[in-house]
Amino acid sequence: MPFWFARGLRRGVVTTRYPARSDGSAAFLPTPPAFRPRQLTRQTADRLVAVCPSMALRRQDDVLIFDVGACTACGRCAEAAPDAVTPSGEFELATTGRSALVKKIPICGGTR
Amino acid sequence: MNPNHGTAGQDTAEVARQLRDKIAAQFGRSLHIRTLDTGSCAVCEQEIRLLSAPHYDLHRLGFFFTPAPRHADLLLATGPMIRAFDLAARKTYEAMPGPKVVVATGACALGGVYRADPFVHGNIGEVLPVDVWIPGCPPSPLALLQGLGVAVGRLAEQTPGLTFVVGDPSRGEA
Chain X
1 MPFWFARGLR RGVVTTRYPA RSDGSAAFLP TPPAFRPRQL TRQTADRLVA
51 VCPSMALRRQ DDVLIFDVGA CTACGRCAEA APDAVTPSGE FELATTGRSA
101 LVKKIPICGG TR
Chain H
1001 MNPNHGTAGQ DTAEVARQLR DKIAAQFGRS LHIRTLDTGS CAVCEQEIRL
1051 LSAPHYDLHR LGFFFTPAPR HADLLLATGP MIRAFDLAAR KTYEAMPGPK
1101 VVVATGACAL GGVYRADPFV HGNIGEVLPV DVWIPGCPPS PLALLQGLGV
1151 AVGRLAEQTP GLTFVVGDPS RGEA
């Protein structure tokens, strides 16, 4: 609250300029994960699939299929495999085609 | 008849475009939103309510909330589409005058969390013709603003260009 008050006094307005300019608070949003294919093995991928509570992940052979629309950005996959998964920082994800939200992540870490 | 018909038509189109732009600039284009909760946990609604707070101030962009579907241009639907709500959802959609836009909001509306639940459809697209999908659990007000911008054609969608892969995926790929 004091922060917003000071910001309002300093700048006169507290309203974001968002669609025209980026908003600083976007950096603090929980965002869907991004994957490092070199660090992903089939075992890691299966562990991520098992740990995902919203059925956003599934594995087809050497491809991890990530449904961004189903992801709740809970961070459990990043916790399960911190070297292979990091937050993507993307929040502008609205789309007119549902299939555009289904991403194929290659698994390049072998089958170790 | 008129040898200059083609050019005259282009001129008319140009004048019509200028006039349309002028009208749009003069009156502004506003859009009214009706929210529809199809069994959501209410966190999406909290984020939607934040849109009218001073920080996000949805109204500066010409969006307004309306309680009546008959006044609404855009249906902002949240929740996993409970089966008991089918009739109400359909009535709401039919009561809206065209042209109308349906925006599915949140992970459960997009087929995420409750996909296997027998009491819900698990995806709003199974009952309503969805035009724009906004992921997130809940989508932040910024994500909602971007989704509304995409819905009215003011912002470009970025999802098709995103890979959710860190580093170079082409290197080392079999």
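Residue numbers (the working numbering), protein chains in the order written: chain X, 1 to 112; chain H, 1001 to 1174.
Every residue gets a Cβ at the ideal spot worked out from N, C-alpha and C, and that includes glycine.
Could you give the distance in angstroms between the alpha-carbon of residue i and the alpha-carbon of residue j?
i: F5(X); j: A94(X); result: 32 Å
i: E1157(H); j: G1098(H); result: 23 Å
i: T1092(H); j: L1061(H); result: 25 Å
i: A1116(H); j: C1044(H); result: 21 Å
i: L64(X); j: L1162(H); result: 15 Å
i: T1142(H); j: A27(X); result: Strictly speaking, residue 1142(H) in this sequence is Leu, with Thr absent from that position. Their Cα atoms are separated by approximately 11 Å.
i: A1089(H); j: Y1114(H); result: 18 Å
i: V1178(H); j: R98(X); result: Nothing can be reported for residue 1178(H): it is not among the residues displayed for chain H, which extend from 1001 to 1174.
i: K1100(H); j: R17(X); result: 27 Å
i: A1053(H); j: L1148(H); result: 16 Å
Please name the residue in the options whose C-alpha comes closest to that of residue i.
i: E92(X); options: V1113(H), P1160(H), Y1056(H), G1167(H); result: P1160(H)
i: A1072(H); options: T1038(H), A1095(H), K1091(H); result: A1095(H)
i: L101(X); options: F66(X), D23(X), P87(X); result: F66(X)
i: A114(X); options: P53(X), S25(X), G12(X); result: What the structure shows of chain X is the stretch from 1 to 112, and residue 114(X) is not part of that stretch, so it cannot be assessed.
i: R162(X); options: R38(X), P37(X), R59(X); result: Limits of chain X in this structure are 1 at one end and 112 at the other, which puts residue 162(X) out of reach.
i: P1067(H); options: I1048(H), P1080(H), I1033(H); result: I1033(H)
i: A20(X); options: G1106(H), R1049(H), Y1056(H), A1013(H); result: Y1056(H)
i: F1164(H); options: F28(X), P37(X), T16(X), A50(X); result: P37(X)
i: V51(X); options: L40(X), R42(X), L29(X), R76(X); result: R76(X)
i: D106(X); options: F3(X), V14(X), A45(X); result: The sequence given here has Pro at residue 106(X), not Asp. Of the listed residues, the one whose Cα sits closest to P106(X) is A45(X).
i: P1139(H); options: F1085(H), L1076(H), H1059(H); result: L1076(H)
i: L1051(H); options: T15(X), T41(X), R7(X); result: T15(X)
i: L1087(H); options: L1036(H), R1154(H), G1167(H); result: L1036(H)
Are there 16 or more other CB atoms within 10 angstroms of the CB of residue i, so buried, or fewer, so exposed?
i: F35(X); result: buried
i: M1(X); result: exposed
i: D1011(H); result: exposed
i: V1015(H); result: exposed
i: Q1046(H); result: exposed
i: G1112(H); result: buried
i: K103(X); result: buried
Determine, using beta carbons only, whether residue i comes closer than 8 Å to chain A.
i: M55(X); result: Checking the listed chains, one finds no chain A in this structure; the protein chains it contains are X and H.
CB-CB under 7 Å to residue i, same chain, minus the five flanking residues each way: which ones, in chain order?
i: I1082(H); result: T1038, G1039, F1119, V1120
i: L1031(H); result: G1062, F1063, D1073, L1074, V1152
i: G89(X); result: T31
i: V49(X); result: L57, R58, R59
i: F1027(H); result: Note that F1027(H) has pLDDT 49, beneath the 50 cutoff, so the model's placement of it is unreliable and no number is given.
i: G8(X); result: V14
Quick one: what's got a C-beta closer than 6 Å to residue i's C-beta in the same chain, skipping five residues either side?
i: R1070(H); result: A1095
i: C1041(H); result: none
i: D62(X); result: I107
Should residue i be listed as close to the ligand FMN, given that the test is whether its C-beta is under 7 Å from any heavy atom?
i: G89(X); result: The ligand FMN is absent from the structure shown, which contains no ligands of any kind.
Q.
Across the region 1119-1138 of chain H and the region 68-79 of chain X, are there enough close Cβ pairs to call them in contact, namely three or more that are closer than 8 Å?
A. yes
Q) Quick one: any contact between the region 82-91 of chain X and the region 1121-1128 of chain H, if contact means 3 or more CB pairs under 8 Å? A) no
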